[in-house]
Amino acid sequence: MRRARKWLQEHGVEFEARHLVKNNLTKDEFAELYEISQVSLNKFFNSNGKVYKEMGLKDKIKDMSDEEKLELLASDGMLVKRPILTDRKEVVIIGFKEKEYKEIVK
Numbered sequence: 001m002r003r004a005r006k007w008l009q010e011h012g013v014e015f016e017a018r019h020l021v022k023n024n025l026t027k028d029e030f031a032e033l034y035e036i037s038q039v040s041l042n043k044f045f046n047s048n049g050k051v052y053k054e055m056g057l058k059d060k061i062k063d064m065s066d067e068e069k070l071e072l073l074a075s076d077g078m079l080v081k082r083p084i085l086t087d088r089k090e091v092v093i094i095g096f097k098e099k100e101y102k103e104i105v106k
């Protein structure tokens with residue numbers, strides 16, 4: 001998250017930061033981002049995180065419905081892969097990917 005914030009600041013990109021662990025997205029907000037992104041909901045999970053591993057989600061997630069995944073994501077910000085960069089219209093980038101950031105900041 002620090003790298004993303006630094007990169008955005010260095011490139012003069014205005015942004016609104018939201019601490020997802022303290023102020024997580026709602027189920028509806030995740031559903032909106034999911035629809036915009038057109039990627040698997042699994043990509044929104046922090047699969048390297050402690051909570052994800054403690055819950056044994058690696059094996060459970062493949063049998064969960066999208067509805068269950070949305071509820072789970074909204075239940076704990078520690079389950080969410082961060083940062084999420086979005087304009088809430090057509091762009092959703094999950095995790096810091098400098099190449100993708102460069103493409104949208106042209």
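Residues in the sequence shown are numbered consecutively from 1, following full-length UniProt numbering.
Virtual Cβ for every residue (Gly too), placed ideally from N, Cα, C.
Remember, predicted model here, so these are calculated numbers, not experimental data.
I need the boundaries of the alpha helix (DSSP H) containing residue i, first residue and last residue.
| i | result |
| --- | --- |
| I36 | K27 to S37 |
| D59 | L57 to K60 |
| S40 | Here S40 belongs to no alpha helix (DSSP H), and DSSP marks it neither H nor E. |
| E90 | Taken as a continuous stretch (DSSP letters only), E90 belongs to no alpha helix (DSSP H), as it is neither H nor E. |
| D66 | D66 to S75 |
My output table needs one value for residue i: the three-state DSSP class, helix, strand or coil.
| i | result |
| --- | --- |
| F96 | coil |
| V13 | coil |
| V51 | helix |
Considering residue i, what are the terminal residues of the beta strand (DSSP E) in which it resides?
| i | result |
| --- | --- |
| L85 | I84 to T86 |
When the Cα atoms are used, what is the spatial distance from residue i to residue j?
| i | j | result |
| --- | --- | --- |
| residue 109 | H11 | The chain is shown from 1 up to 106; residue 109 falls before or after that span and cannot be answered. |
| M64 | I93 | 23 angstroms |
| R2 | N48 | 18 angstroms |
| E32 | T26 | 10 angstroms |
| K97 | K22 | 23 angstroms |
| D66 | H19 | 24 angstroms |
Tell me, to the nearest whole angstrom, how far the beta carbon of residue i is from that of residue j; I am working on the premise that it is less than 8 angstroms.
| i | j | result |
| --- | --- | --- |
| V80 | N24 | 7 angstroms |
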